[in-house]
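Structure first, then comments.
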């Protein structure tokens, strides 16, 4: 499927020319040039450039209010006020922070909602199998635990076979144990389906455990980018990760002390 | 070849402003389906006060404290009801015949009112233009006291069935319209975003997100519509009626037969209870997804 190319508010092509990152790259799972967004007089994204390679797992961290979710929403096509250029390889799927299950549809129907394949129900059932929720297919969303709801949301995102999967802090409301389980699940599903992933998180450890590349958003731009080459599953206190953690925390403006 | 954002079907146009906490989160779950013995006993206790009142009433009537010319005794009301059912009296007709006539009036007016209300609410709820076009006039009409319209209705439509049915229709329309409209506008905008992300088309968005999301409040509207349309029926029927429960009441008034009036009122009350129960049953079925909340 052709990537979605979007140019917003006309004047963006000039910006593309002056951009250091070169022109928009439609071969990427996502490509962004000169993306800006202001809320009133507050500039949240300021001429931001970003490329996400096909199959790449990116974690985007930043202080709260730094525009992480704004960038994700722009990529999801949920923000019509952004200016600049943007392409995203469709289909794009999103898993939100709150699982956003439709409460009047049972789990299976939630996963199948809007699915355009010949047998949506069967596809949805397969997706539920993958996240280990086969036996909850007939349950009402309000009866699910937080982890089950988030797994349903993940199944609903993945059943669309996305080339770009956007995860907006989907694990932040889960307890620590459930979060670890979810991390493993996400890595397993990512390895199987190979979508490019943009994970927005405020958790440095989560970013280091999962991502190929960790980006720090600040001042409306990508201020810092670290590549993580360690094979997964990663051990939290691997020296390389420890060093990276210190680096990232410093970038975030919270220089870690020895004891952290 | 960048194509503009506008070609995307953006769901948020279709739906809804930022919602306050949607009603589904604020209301407690409905009663559990299995009744505990304690509950059953409590339900038994609820019979005490009606039985005592009716008993005292009968006592007051039998001893002559309560003259039959003012208020008939429960026993004679029951007897009147029985007579009205088994005999077709030239003055009153039969009770079941009157009930059927009244129920038909109510059902026709109510159904038309509800259908119009839902259609209007969908139009005004889903489009700003529709709202701007239709809402002011609906708000203006709503503020007219319906009971005050009766003389005008007689002038316009005479004394046949039409003014009565219209009266019921109008009183069913407004509660349903206002609540369905508010329900549509109150649908969680986050679900609208979700629908957009999932690539729902406009019709799918309405069918899967907007209408079911508005249903809890629409059903509240339905309940209010039942109450106000029954009231309209009772009032509307007593004006120049030649059939129905209201006709029985006006006839009985002329013959100073208060037991017939009481029978008609009790039938109205039973009708109201049954219709309310029907709406509650519908609510329980349609909002099953909410019932399990928290269990």
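Chains as they are written, first to last, in the working numbering: chain P, 50 to 309; chain Y, 2 to 296. The beta carbon of each residue, even a glycine, is placed where N, CA and C say it ideally should be. If you're wondering where the values come from, they're calculated on a predicted model, not measured in any experiment.
Is the beta carbon of residue j closer than 7 Å to that of residue i?
i	j	result
residue 218(P)	residue 250(P)	yes
residue 59(Y)	residue 74(Y)	yes
residue 166(Y)	residue 203(Y)	no
residue 150(P)	residue 198(P)	yes
residue 133(P)	residue 84(P)	yes
residue 93(Y)	residue 249(Y)	yes
residue 213(P)	residue 123(P)	no
residue 265(P)	residue 110(P)	yes
residue 261(Y)	residue 81(Y)	yes
residue 20(P)	residue 82(P)	Nothing about residue 20(P) can be read from this structure; chain P reaches only from 50 to 309.
residue 218(Y)	residue 184(Y)	yes
residue 75(P)	residue 141(P)	no
residue 233(P)	residue 258(P)	no
residue 216(P)	residue 144(P)	yes
residue 115(Y)	residue 39(Y)	no
residue 236(Y)	residue 269(Y)	no
residue 103(Y)	residue 245(Y)	yes
residue 169(Y)	residue 79(Y)	no
Does any residue of chain P bring its CB to less than 7 Å from the CB of residue i?
i	result
residue 26(Y)	The predicted model places residue 26(Y) with a pLDDT of 37, which falls under 50 and marks its position as unreliable; any figure quoted below should be read in that light. Answer no: the Cβ-Cβ gap between residue 26(Y) and chain P never drops below 7 Å.
residue 191(Y)	yes
residue 200(Y)	yes
residue 213(Y)	yes
residue 282(Y)	no
residue 58(Y)	no
residue 195(Y)	yes
residue 290(Y)	yes
residue 22(Y)	Legend: pLDDT at residue 22(Y) = 36, less than 50; position of this residue unreliable, value from coordinates given subsequently. Residue 22(Y) does not count as touching chain P.
Report the three-state DSSP secondary structure of residue i (helix, strand or coil).
i	result
residue 251(P)	coil
residue 22(Y)	Any reading at residue 22(Y) must be qualified, since the residue scores a pLDDT of 36, below 50, and its modelled position is unreliable; the value itself is stated next. Looking at residue 22(Y) - three-state DSSP - the assignment turns out to be coil, as it is neither helix nor strand.
residue 162(Y)	helix
residue 41(P)	Nothing can be reported for residue 41(P), as the shown portion of chain P is limited to 50 through 309.
residue 51(P)	Confidence is the limiting factor: at residue 51(P) the pLDDT is only 45, short of 50, which leaves the residue's position unreliable, though a coordinate-based value still follows. Residue state, collapsed to three classes: coil.
residue 130(P)	coil
residue 276(Y)	helix
residue 242(Y)	coil
residue 204(P)	helix
residue 215(P)	strand
residue 197(Y)	helix
residue 299(P)	helix
residue 287(P)	coil
residue 91(P)	strand
residue 108(P)	strand
residue 284(Y)	helix
residue 216(Y)	helix
residue 80(Y)	helix
residue 166(P)	coil
Quick one: does residue i have its CB under 7 Å from some CB of chain Y?
i	result
residue 291(P)	no
residue 59(P)	Bear in mind that the predicted position of residue 59(P) carries a pLDDT of just 39, short of 50, making it too unreliable to give a figure here.
residue 149(P)	yes
residue 162(P)	yes
residue 152(P)	yes
residue 127(P)	yes
residue 81(P)	no
residue 180(P)	no
residue 143(P)	yes
residue 239(P)	no
If you count every other CB in all the chains shown that lies within 10 Å of the CB of residue i, and 16 or more means buried, which is it?
i	result
residue 252(Y)	buried
residue 256(Y)	exposed
residue 287(P)	exposed
residue 183(P)	exposed
residue 300(P)	buried
residue 168(P)	exposed
residue 171(P)	exposed
residue 1(Y)	Not covered by the structure: residue 1(Y). The range shown for chain Y is 2 to 296.
residue 286(Y)	exposed
residue 63(Y)	exposed
residue 71(Y)	exposed
residue 210(Y)	buried
Quick check: does the Cβ of residue i come within less than 6 Å of any heavy atom belonging to the ligand NAD?
i	result
residue 69(Y)	Of the ligands one can find in the structure shown there are none, so the ligand NAD has no counterpart to examine.
Are three or more beta carbon pairs between the stretch 195-205 of chain Y and the stretch 158-169 of chain P nearer than 8 Å? yes
Counting beta carbon pairs with one atom in the stretch 174-185 of chain Y and one in the stretch 121-137 of chain P, are three or more of them shorter than 8 Å? no
If we count Cβ pairs, one from each stretch, closer than 8 Å, do we get three or more for the stretch 77-96 of chain Y versus the stretch 137-150 of chain Y? Fewer than three beta-carbon pairs drawn from the stretch 77-96 of chain Y and the stretch 137-150 of chain Y are found closer than 8 Å, and the two stretches are therefore not classed as touching.
Can at least three beta-carbon pairs, one atom from the stretch 220-231 of chain Y and one from the stretch 267-285 of chain Y, be found at a separation below 8 Å? Flag = yes, the stretch 220-231 of chain Y and the stretch 267-285 of chain Y touch.
Closer than 8 Å is the cut-off here; do at least three beta carbon pairs connect the stretch 238-246 of chain P with the stretch 267-274 of chain P? no
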